[in-house]
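Asks: Going by this note's numbering, the first residue of the sequence shown is number 95, and it counts up by one from there. Have a look at this one before I ask anything.
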Amino acid sequence: MTSHQSTQTMKPATAAKKLGVYLEATPADFQEGVVSRSELNELQSNPPAWLQELRKNGPHPRPVVAQKLGVSIAGLARGGITEPLTTEQIEALKQEFPEWLRKERNTQLEVRKETVRIKERDAERATRRQEA
Numbered sequence: 095m096t097s098h099q100s101t102q103t104m105k106p107a108t109a110a111k112k113l114g115v116y117l118e119a120t121p122a123d124f125q126e127g128v129v130s131r132s133e134l135n136e137l138q139s140n141p142p143a144w145l146q147e148l149r150k151n152g153p154h155p156r157p158v159v160a161q162k163l164g165v166s167i168a169g170l171a172r173g174g175i176t177e178p179l180t181t182e183q184i185e186a187l188k189q190e191f192p193e194w195l196r197k198e199r200n201t202q203l204e205v206r207k208e209t210v211r212i213k214e215r216d217a218e219r220a221t222r223r224q225e226a
């Protein structure tokens, strides 16, 4: 008896998320089809022109916008940014550096510091338990 291994596929939205691009900006054939794991790997290792262009200029999805601005996704929402932005729009925001962006970057910095502090505390506790 032989076993048949089915090809693993994903919805276009999932593939777009993994590629870090805004689904609505991708070509129609990408949006309407399914993407196999091997196709995704090929897109990641050898991106076509449309993917290179989207990654460079956008529009970018919120997680990418947040990362490029150095804030959280929730911080974007608090700042009133709910739509995808292009690289040009992101750069303009960095130049303008509005008060909400300054505040959200500081918040993100504090969150990161706290995450490191907790990680160090937990590591220290684990070390003490092993020594006991």
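Glycine included, each C-beta is placed from N, C-alpha and C at the ideal position.
Determine whether the beta carbon atoms of L152 and Q202 lie at a separation below 9 angstroms.
Replies: Start at 1 with the first residue of the sequence shown, and residue 152 comes out as number 58. Start at 1 with the first residue of the sequence shown, and residue 202 comes out as number 108. Note that residue 152 is Gly in the sequence shown here, rather than Leu. No, Cβ-Cβ distance for G152 and Q202 is not below 9 angstroms.
Asks: Measuring only the C-alpha atoms, how far is E126 from E182?
Replies: Translated into the one-based positions of the sequence shown, residue 126 becomes position 32. Translated into the one-based positions of the sequence shown, residue 182 becomes position 88. Distance between the alpha carbons of E126 and E182 is about 28 angstroms.
Asks: Have a look at the DSSP bridge pairing and note the partners of L179.
Replies: Taking the sequence shown and counting its residues from 1, the one referred to as residue 179 is at position 85. DSSP output for L179 lists H154 as bridge partner(s).
Asks: Using the three-state DSSP reduction, which class does M95 fall into: helix, strand or coil?
Replies: Sequence index remark: in the sequence shown, residue 95 carries index 1 (1-based). Here M95 scores only 48 on pLDDT, less than 50, and its place in the model should not be relied on; the value that follows carries that caveat. Reduced to three states, the DSSP call for M95 is coil.
Asks: Do P142 and L117 have their C-beta atoms within less than 9 angstroms of each other?
Replies: Taking the first residue of the sequence shown as position 1, residue 142 is located at position 48. Taking the first residue of the sequence shown as position 1, residue 117 is located at position 23. Not in contact: P142 and L117 (Cβ atoms no closer than 9 angstroms).
Asks: In terms of alpha-carbon separation, which member of A160, R172, I212, E177 lies closest to K188?
Replies: Position 94 of the sequence shown, counted from the start, is the residue given in the question as residue 188. Among A160, R172, I212, E177, the Cα nearest to that of K188 is on A160.
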